[in-house]
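Quick notes on the structure that follows.
Okay, structure coming up:
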């Protein structure tokens, strides 16, 4: 049995040195593995990516696709990202997810490029914590693949009721805080990651800010995904959302000190940095 199910496309991220594996499934899945979870992954890729080899410690189920979802990410001096979608893999449906995995203690739905819709939430009645990182529902792209933010789709009452945790970034909303506030306050538990400004937790009709940990930034790609996995694992362990946010902030701060997934932290690294704060 798995502890942590994550569903979504992996991505090929274009870099000046070629391609590297990216997407929430990659960063969050590897983080969960580093923190000791038994991870199940459901994704879709083309023949150019062997996800099972790249994520060899996870149990991986792949929907075969003609191509792999591919992004080009560029960051400005302020850390803000410009993104292009260069290719897109096939959709993922509930039939692609093993029935016993749908009862996992943590279910993390991580759409990257609209590969499934909100109706997928309705199929996890027997799961533990059901979480959503909805960035793949908050993107539009033009004929050249240039990605722009858009508002997330509305959820049905049944889908909203099944959802326990939402993790989004201020960048997902184009830094529109009036929209962010309305969205986040509509959920039982929501966290907005804010890059160098840390994270904001929305719970029990209150918003609480948590500062970021100092770090030597090398590559911020995937920090929000690392945050989400660390938060969900710590939340299920402690049942303390404040503790989980601080833990996840620390994990994210470590992850951005190397290229790609090279600096994903383990528990010892997170505890060591927290002890020095």
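Numbering (this note's numbering), first residue to last: 760 to 1036.
Glycine included, every Cβ here is placed at the ideal spot set by N, Cα and C.
Predicted model only: the values in this text are computed from it and were never measured.
- Counted as a single uninterrupted DSSP element, the beta strand (DSSP E) harbouring residue 834 occupies residues 829 to 834.
- Here residue 798 is not near residue 855, since their CB atoms are 9 Å or more apart.
- Residue 889 is positioned such that its CB atom lies no closer than 9 Å to that of residue 914.
- Looking at the backbone, the Cα of residue 776 and that of residue 928 are separated by about 27 Å.
- In the DSSP assignment, residue 1034 falls within the alpha helix (DSSP H) that extends over 1026 to 1034.
- The stretch 1007 to 1020 and the stretch 961 to 968 do not touch, with fewer than 3 CB-CB distances between them shorter than 8 Å.
- By the neighbour-count criterion, in which 16 or more other beta carbons inside 10 Å mark a residue as buried, residue 1031 falls on the exposed side.
- DSSP, read as helix, strand or coil, puts residue 775 in coil.
- Looking at 911, 903, 900 and 942, the one whose alpha-carbon comes closest to that of residue 893 is 911.
- Per DSSP, residue 843 lies in no alpha helix (DSSP H); the unbroken beta strand (DSSP E) holding it starts and ends at 840 to 846.
- Annotation: the stretch 761 to 809 contains the following complete segments of the alpha helix (DSSP H) (minimum length 4 residues), in chain order: 783 to 793.
- Cβ-Cβ distances below 6 Å link residue 946 to 925 in the same chain, with the five nearest sequence neighbours on each side left out; the list follows chain order.
- Looking at the DSSP output, residue 1001 sits in no beta bridge, so it has no partner there.
- DSSP places residue 937 inside the alpha helix (DSSP H), whose first and last residues are 936 to 943.
- Annotation note: the stretch 954 to 1028 contains the following uninterrupted beta strand (DSSP E) runs of length 3 or greater, listed N- to C-terminal: 958 to 962 and 965 to 969.
- Boundaries of the alpha helix (DSSP H) harbouring residue 921: 916 to 921, taken from the DSSP string.
- Residue 900: member of the beta strand (DSSP E) spanning 898 to 900, first to last residue.
- A Cβ-Cβ distance of about 7 Å is found for the pair residue 794 and residue 989, placing them in contact under the 8 Å criterion.
- For residue 881, no beta strand (DSSP E) encloses it, and the DSSP letter there is neither H nor E.
- Across the set 883, 800 and 832, the C-alpha of 832 shows the shortest separation from the C-alpha of residue 843.
- For residue 890, the uninterrupted beta strand (DSSP E) run begins and ends at 888 to 891, by DSSP.
- When the Cα atoms are used, residue 948 and residue 1000 turn out to be separated by approximately 9 Å.
- In this structure residue 867 is buried. Its beta-carbon is surrounded by 16 or more other beta-carbon atoms within 10 angstroms.
- Membership of residue 924 in the beta strand (DSSP E) is indicated by the continuous run 924 to 928.
- Across the set 804, 1028, 991 and 791, the C-alpha of 791 shows the shortest separation from the C-alpha of residue 816.
- Measuring C-alpha to C-alpha distances from residue 919 to each of 796, 811 and 891 identifies 891 as the nearest.
- Within the same chain, Cβ atoms closer than 7 Å to the Cβ of residue 962 are found at 948 and 1000, the five residues on either side in sequence being excluded.
- Linking residue 818 to residue 956 through their CA atoms gives a straight-line distance of about 35 Å.
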